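Peer 1: My structure is below; once you've seen it, I'll send some questions.
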Amino acid sequence: MYSEKVMDHFQNPRNVGEIENASGVGTVGNAKCGDIMRIFLDIDDEGIVRDAKFKTFGCGAAVATSSMATELVKGKTIQEALQVTNKAVMEALDGLPPVKVHCSLLAEEAIHAALWDYAEKHHIVIEGLERPKNDISEGEEEEEY
Ligand code: FES
1314 MYSEKVMDHF QNPRNVGEIE NASGVGTVGN AKCGDIMRIF LDIDDEGIVR
1364 DAKFKTFGCG AAVATSSMAT ELVKGKTIQE ALQVTNKAVM EALDGLPPVK
1414 VHCSLLAEEA IHAALWDYAE KHHIVIEGLE RPKNDISEGE EEEEY
């Protein structure tokens, strides 16, 4: 059911933890499944993501997607980090079962929330970044569970 990469990132998650005085922190949950993800980003003066860490209270797929998402944003510019969508995370993990797609959305939204926090702290506007939701299940169409 899960790809080897998903199992690997679930069993040996990369970048678990916190970054003290992070440039941006994003916390997003999904009230439907009760899972919560927090992503910390360290962004340097050139706008490069130097480090990324996460804390996820959630299912295995949420842990695997946070792990992969933090790996993918490291070393990227802010604009490139914005392109790390849930699709990109899923592709990097060789896919997720359909009922677990929403877990990868949590990762995308948590990165956006961390970038939003960074932008607010630095009084800048990141082009293409919309205000992230605290709860990704908000206003969502009924999903097939
Ligand atoms: Fe909700 Fe995975 S079941 S994030």
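Just so you know, the sequence shown maps onto residues 1314 to 1458 in our numbering. By construction, the Cβ of each residue, glycine as well, lies at the ideal position given by its N, Cα and C atoms. Since the model is a prediction, treat every value here as computed from it, not as a measurement.
Could you check whether the Cβ of ASN1325 sits closer than 7 Å to any heavy atom belonging to the ligand FES?
Peer 2: Counting from 1 along the sequence shown, the entry for residue 1325 is found at position 12. Outside the cutoff, so no.
Peer 1: Would you check if the distance between the CB atom of LEU1442 and the CB atom of ALA1432 is smaller than 8 Å?
Peer 2: Position 129 of the sequence shown, counted from the start, is the residue given in the question as residue 1442. Position 119 of the sequence shown, counted from the start, is the residue given in the question as residue 1432. Yes; because the gap between Cβ atoms is below 8 Å, this pair is in contact.
Peer 1: Three Cβ pairs or more, each shorter than 8 Å: is that satisfied between the stretch 1338–1355 and the stretch 1397–1409?
Peer 2: At 8 Å Cβ cutoff, the stretches do not touch.
Peer 1: By how many angstroms is the C-alpha of MET1381 removed from the C-alpha of SER1361?
Peer 2: As a first step, residue 1361 must be located in the sequence shown, where it is residue number 48. As a first step, residue 1381 must be located in the sequence shown, where it is residue number 68. For the sequence presented, residue 1361 should be read as Ile rather than Ser. The alpha-carbon atoms of ILE1361 and MET1381 are separated by roughly 18 Å.
Peer 1: According to DSSP, is GLU1456 part of a helix, a strand, or is it coil?
Peer 2: To locate residue 1456, count along the sequence shown from 1; it is residue 143. Caution is warranted here: a pLDDT of 48 is assigned to GLU1456, below 50, making its placement in the model unreliable, and no coordinate value can be reported.
Peer 1: So what's ASP1430 in DSSP terms, helix, strand or just coil?
Peer 2: Here residue 1430 refers to the residue found at position 117 of the sequence shown. Of the three classes helix, strand and coil, the one that applies to ASP1430 here is helix, per DSSP.
Peer 1: Could you compute how far the alpha carbon of TRP1459 sits from the alpha carbon of ILE1439?
Peer 2: There is no way to answer for residue 1459, as the model of the chain reaches only from 1314 to 1458.
Peer 1: For LYS1413 and LYS1387, what's the separation of their Cα atoms in angstroms?
Peer 2: Counted from its first residue, the sequence shown places residue 1413 at position 100. Counted from its first residue, the sequence shown places residue 1387 at position 74. Computed Cα separation, rounded: 24 Å.
Peer 1: So ASP1364 is in the beta strand (DSSP E); what residue range does that whole segment cover?
Peer 2: Taking the sequence shown and counting its residues from 1, one reaches residue 1364 at position 51. Counting along the chain, the beta strand (DSSP E) containing ASP1364 begins and ends at 1362–1370.
Peer 1: Flag HIS1415 as yes when its Cβ comes closer than 7 Å to any non-hydrogen atom of the ligand FES, and as no otherwise.
Peer 2: In the sequence shown, residue 1415 corresponds to position 102, counting from 1. Correct: HIS1415 has its Cβ closer than 7 Å to the ligand FES.
Peer 1: LEU1419 and ILE1449 - do their beta-carbons sit closer together than 8 Å?
Peer 2: The residue given as residue 1449 occupies position 136 in the sequence shown. The residue given as residue 1419 occupies position 106 in the sequence shown. A contact, by the Cβ cut-off of 8 Å.
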